[in-house]
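In the working numbering, the protein residues as written are 1 to 263.
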């Protein structure tokens with residue numbers, strides 16, 4: 001009898017789509033030995049951010065700080081109207097609407113402050129956005145880990161050598177030649193944010209790094225699929241730049257608007 005290997009599953013940006021997350025969890029059908037990790041951006045834009053966060057939090061699933069979690073914490077705790085307004089315009093309004101009580105909102109904000117910015121899994125290294133290729137790891141902060149785009153995407157050599165970085169943050173279909181639902185591969189990194197919330201995609205992705213298997217559900221069409229990573233993988237040229245046609249400016253936020261210091 002063949003014993004299935006325990007899975008290590010990494011989930012991309014959910015952005016408040018609780019039903020999509022439930023559909024993905026049903027597709028995954030996690031077993032007790034399986035492990036699951038969330039790359040951040042649990043919240044904003046979708047209708048059910050509070051339910052998404054409560055599900056991940058109460059199940060004690062490991063999750064990373066994303067730029068949208070950082071925005072929410074900063075907007076609520078820094079007492080700067082400009083930061084609050086920017087967060088509301090970036091999907092925070094939908095998040096606020098999803099909360100039935102202020103107590104739950106603040107409980108979740110406090111939990112966000114405890115989230116790590118990265119997680120080392122041995123052969124894989126998880127982070128929401130990426131790393132700056134020219135800076136030592138110990139000097140980097142959430143400004144890089146939660147917000148970076150171009151410098152990371154265009155690095156020509158792997159940052160860690162043989163260790164693969166897995167990121168969300170940047171929707172894969174915004175790279176030229178990449179279709180909605182496909183996963184991108186750069187120099188030593190994989191991008192699995194397939195744009196669950198976006199009208200051009202709808203795909204929510206989970207990657208089993210043990211079996212190299214992809215699990216996806218589409219929030220718009222309600223289709224689902226399980227397939228080898230190789231079937232969906234697109235290798236990027238390091239000089240490739242994003243194609244932002246059809247992507248609004250509020251989808252691609254500048255990385256230095258928010259600077260949160262946690263006590």
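Idealized CB from N, CA, C, for every residue including glycine.
- Of all C-beta pairs linking the stretch 122-129 to the stretch 74-94, fewer than three are shorter than 8 angstroms, placing the two stretches out of contact.
- Closest by C-alpha distance to residue 177, out of 98, 37, 42 and 232, is 232.
- Three or more beta-carbon pairs separated by less than 8 angstroms are not found between the stretch 193-201 and the stretch 63-77, which leaves the two stretches without contact.
- As a beta-bridge residue in DSSP terms, residue 191 pairs with 167 and 184.
- Counting of Cβ neighbours within 10 angstroms places residue 7 among the buried residues, the total reaching 16 or more.
- The beta-carbon distance between residue 92 and residue 44, rounded to whole angstroms, is 6 angstroms. This is short enough to meet the 8 angstroms contact definition.
- Along the length of the stretch 24-103, whole alpha helix (DSSP H) runs at least 4 residues long occupy 49-58, 67-77, 81-87 and 93-98, reported in chain order.
- For residue 142, no beta strand (DSSP E) run applies; the uninterrupted alpha helix (DSSP H) run containing it begins and ends at 142-145, by DSSP.
- Cβ neighbours of residue 187 within its own chain (closer than 7 angstroms, five residues either side excluded): 155, 156, 157, 158 and 238.
- Distance from the CA of residue 198 to the CA of residue 19, rounded to the nearest whole angstrom, comes to 15 angstroms.
- Judged by their CB atoms, residue 95 and residue 49 are nearer to each other than the 8 angstroms cut-off.
- Residue 102 and residue 47 have their C-alpha atoms some 17 angstroms from each other.
- By the Cβ-count criterion, residue 142 is buried, with 16 or more other Cβ atoms from all chains shown falling within 10 Å of its own Cβ.
- Among the bridge pairs identified by DSSP, residue 205 is matched with 216.
- In the DSSP annotation of this structure, residue 231 is not part of any beta strand (DSSP E); the continuous alpha helix (DSSP H) holding it starts and ends at 229-232.
- Under the three-state reduction of DSSP output, residue 197 falls in the coil class, being neither helix nor strand.
- Taking the C-beta atoms as reference points, residue 108 is found nearer than 8 angstroms to residue 53.
- About 7 angstroms separates the Cβ atoms of residue 145 and residue 131, confirming a contact at the 8 angstroms cut-off.
- Burial is judged here by how many other beta carbons sit within 10 angstroms of a residue's own beta carbon; residue 209 has at least 16 and is buried.
- By the neighbour-count definition (other C-beta atoms within 10 Å, threshold 16), residue 226 is an exposed residue.
- If you check the CB distance, residue 39 and residue 217 do not come in under 8 angstroms.
- For residue 200, the closest of 83, 150 and 172 by C-alpha to C-alpha distance is 172.
- Residue burial is scored here from C-beta neighbours: residue 223 has fewer than 16 other C-beta atoms within 10 angstroms and is therefore classed as exposed.
- With 16 or more other Cβ atoms from the protein chains shown falling within 10 Å of its own Cβ, residue 86 counts as buried.
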